[in-house]
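Residue numbers (our numbering), protein chains in the order written: chain W, 51 to 134; chain X, 105 to 347. Note that the Cβ used here is the ideal one computed from N, Cα and C, for glycine as well.
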Amino acid sequence: MTHTEIILTVISLVVLIVAGFYAVMQKDLIHAVIATSVISLVLSLVFYLLQAPDVALTEAAIGIALSTIIFIITVRNTKRFEDK
Amino acid sequence: MKKVIIIGFLGVIAYYLLSAFASIPFGADLIKGVKDFYLDKSPNDLKVANVVTSIVVNFRGFDTLGEVTVLFLASTALGSILYRRRSHDSGLNPQRTAPEASALVQTGAKVIFPFTIMLGAYVFIHGHLTPGGGFQGGAIIATGFLLMLVSYRKFFIEHNALTWIEAIAGSTFVILGLLGLVYANNHNFLENFLPAGKLNDLLSGGIIGIIYVAVGFKVGAEITGILDTLLTVKETGLDPEEN
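Structure below.
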């Protein structure tokens with residue numbers, strides 16, 4: 051790995067952790083779902099940087115698009131805000 | 105009290121994960137194992153350029169069949185829970201729960217949709233040459249259908265067509281496996297019995313190409329069916345305009 055790739059990976063991992071904390075702490079569930087989809091986006095970049103393009107493709111298609119929309123459908127059919 | 109139990113539980117899990125990871129020599133030059141066999145045999149004997157695909161379909165073909173079955177069962181279970189009634193059987197009008205999308209989204213979806221389908225088809229047809237394969241291609245195709253489903257309220261999926269696609273694709277996979285039992289050199293289930301061809305050609309790698317086209321169709325049909333079932337209300341009482 052070159053230096054640029056290492057720096058990109060570290061930045062991506064930091065964004066991943068921040069988005070994960072945001073998803074857990076957020077009471078608005080739609081915001082939390084979008085945060086999980088940001089996690090998938092960054093994670094697929096990390097997979098690509100770690101030379102696993104197959105896994106990156108899967109994560110991009112399933113994690114960003116399909117699981118996000120399924121969560122959004124579920125949130126819309128139930129409750130948007132988390133109880134105390 | 106509850107938090108203490110949770111923290112203790114997480115501590116136990118962390119201890120076992122740490123002890124497992126500590127035994128892996130991170131940063132060591134080479135880990136000896138079966139990978140050398142795969143890396144040597146995939147391009148040279150089986151003529152598959154993408155070694156990951158070669159492992160997934162050639163060496164671990166039975167696992168892939170299991171994965172396809174798991175996805176099929178998940179889709180069937182979801183359908184049996186959420187699917188209410190066929191629209192054309194009962195004369196009921198299927199309703200989409202989402203409101204109408206804006207003209208911008210609709211036009212954009214119409215432009216992007218064919219290219220998404222093409223990208224998905226490319227990914228699963230070239231599964232043995234470039235990264236990706238049946239699952240990824242199928243998921244990309246389902247994403248394209250998802251775009252149309254959320255954009256147009258009148259865009260409905262024909263579930264009979266999905267059923268036929270799934271049935272034909274699934275049987276193709278199993279029949280290819282059974283043909284391997286008869287015609288292949290070692291008479292194993294899912295063994296390659298077609299000529300391997302030349303490395304990096306589209307028609308190379310024997311049965312991998314056919315299996316990945318079948319898996320791509322099957323995964324695309326299943327996920328599209330799941331999304332259509334989730335997004336469509338098939339009861340008369342639930343009119344989205346009233347809610």
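(message) Relative to the C-alpha of residue 159 of chain X, which candidate in X:235, X:213 and X:110 has its C-alpha closest?
(response) The residue labelled residue 159 of chain X in the question sits at position 55 within the second sequence. The shortest C-alpha to C-alpha distance from residue 159 of chain X to any of X:235, X:213 and X:110 is the one to X:235.
(message) Output needed in chain order: residues of the region 92–124 of chain W with a Cβ under 7 Å from some Cβ in chain X.
(response) Within the region 92–124 of chain W, the qualifying residues are 103, 104, 107, 108, 111, 112, 115, 116, 119, 120 and 123.
(message) Tell me which residues of the region 227–241 of chain X have at least one Cβ-Cβ distance to chain W shorter than 8 Å, keeping chain order.
(response) 227, 235, 236, 237, 239 and 240
(request) Identify the continuous alpha helix (DSSP H) that holds residue 222 of chain X and give its terminal residues. (result) Reading the second sequence from its first residue, position 118 is the one you call residue 222 of chain X. Looking at the DSSP string, the run of the alpha helix (DSSP H) that includes residue 222 of chain X is 207–229.
(request) Could you tell me which residues DSSP puts in a beta bridge with residue 336 of chain X? (result) In the second sequence, the residue the question calls residue 336 of chain X occupies position 232. Residue 336 of chain X pairs with X:200.
(request) Pull up the distance between the alpha-carbon of residue 109 of chain X and that of residue 87 of chain W, whole angstroms please. (result) Indexing the second sequence from 1 puts residue 109 of chain X at position 5. Indexing the first sequence from 1 puts residue 87 of chain W at position 37. Using only the alpha carbons, I get a separation of about 30 Å.
(message) Below 8 Å on C-beta distance, what does residue 159 of chain X contact in chain W?
(response) Numbered from 1 along the second sequence, position 55 holds the residue referred to as residue 159 of chain X. Result: empty, since nearest Cβ-Cβ is about 10 Å, beyond 8 Å.
(request) Identify every residue that forms a DSSP beta bridge with residue 131 of chain W. (result) The sequence position of residue 131 of chain W within the first sequence is 81, counting from 1. In the DSSP output, where bridge partners are listed per residue, residue 131 of chain W has W:78.
(message) Contact criterion: CB-CB distance below 7 Å. Does residue 169 of chain X meet it with respect to chain W?
(response) Counting from 1 along the second sequence, the entry for residue 169 of chain X is found at position 65. No, because no Cβ of chain W sits closer than 7 Å to the Cβ of residue 169 of chain X.
(message) Quick test of your reading: residue 333 of chain X and residue 183 of chain X, contact by CB under 8 Å. State the CB separation rounded to the nearest angstrom.
(response) On the second sequence, residue 333 of chain X is found 229 positions in, with the first residue counted as 1. On the second sequence, residue 183 of chain X is found 79 positions in, with the first residue counted as 1. Distance from residue 333 of chain X to residue 183 of chain X at the Cβ level is roughly 6 Å; contact confirmed, criterion being Cβ atoms closer than 8 Å.
(request) Anything in chain W within Cβ reach of residue 250 of chain X, meaning under 9 Å, just list it in chain order. (result) On the second sequence, residue 250 of chain X is found 146 positions in, with the first residue counted as 1. Near residue 250 of chain X (Cβ distances below 9 Å), the residues of chain W are 115, 116 and 119.
(message) Within the continuous alpha helix (DSSP H) that includes residue 287 of chain X, where are the two ends?
(response) In the second sequence, residue 287 of chain X corresponds to position 183, counting from 1. That run of the alpha helix (DSSP H) goes 263–287.
(request) Would you please verify whether the beta carbon of residue 186 of chain X is less than 7 Å from any beta carbon of chain W? (result) As a first step, residue 186 of chain X is located in the second sequence; it is residue number 82 there, counting from the start. No, residue 186 of chain X does not count as interfacial toward chain W.
(request) Consider the Cβ of residue 334 of chain X: report whether some Cβ of chain W lies at a distance smaller than 7 Å. (result) By 1-based counting over the second sequence, the position of residue 334 of chain X is 230. Residue 334 of chain X counts as touching chain W.
(message) Quick check on residue 177 of chain X: does DSSP put it in helix, strand or coil?
(response) Along the second sequence, read from residue 1 onward, the residue named residue 177 of chain X stands at position 73. Three-state DSSP puts residue 177 of chain X in a helix.
(request) Measure the CB-CB distance between residue 92 of chain W and residue 65 of chain W and report whether it falls below 7 Å. (result) Counting from one through the first sequence, the residue named residue 92 of chain W turns up at place 42. Counting from one through the first sequence, the residue named residue 65 of chain W turns up at place 15. Cβ distance < 7 Å, so residue 92 of chain W and residue 65 of chain W count as in contact.
(request) With DSSP as the reference, label residue 45 of chain W as helix, strand or coil. (result) With chain W covering only 51 through 134, there is no way to say anything about residue 45 of chain W.
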